[in-house]
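Trainee: Residue numbers (UniProt numbering): 1 to 64.
Cβ coordinates follow ideal geometry from the N, Cα and C atoms, glycine included.
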């Protein structure tokens with residue numbers, strides 16, 4: 001015996017589903033932006049350390 005089919009979704013049901021998909025996409029984008037900001041901060045810190053190390057090498061070379 002075939003299973004009964006669900007009644008067609010109403011316009012309100014479709015709108016609610018669309019809103020849920022949009023909210024989910026927004027959350028995913030915010031999570032992605034936060035992860036990118038963390039990676040950027042880490043890279044910025046590493047670059048500052050590298051520049052500082054180069055400055056020290058240059059300063060030692062200038063003293064010789």
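Looking only at its own chain, which residues have a Cβ that is under 7 Å from the Cβ of residue 16, when we skip the five neighbours before and after it?
Mentor: Counted from its first residue, the chain shown places residue 16 at position 16. Closer than 7 Å at the Cβ level, and outside the excluded window around residue 16, lies no residue.
Trainee: Straight-line CA distance for residue 43 to residue 57?
Mentor: Residue mapping note: residue 43 aligns to position 43 of the chain shown, counting from 1. Residue mapping note: residue 57 aligns to position 57 of the chain shown, counting from 1. If you take the alpha carbons of residue 43 and residue 57, they lie about 21 Å apart.
Trainee: In the DSSP assignment, find the alpha helix (DSSP H) that holds residue 48 and state where it starts and stops.
Mentor: Translated into the one-based positions of the chain shown, residue 48 becomes position 48. Here the alpha helix (DSSP H) through residue 48 covers 11-63.
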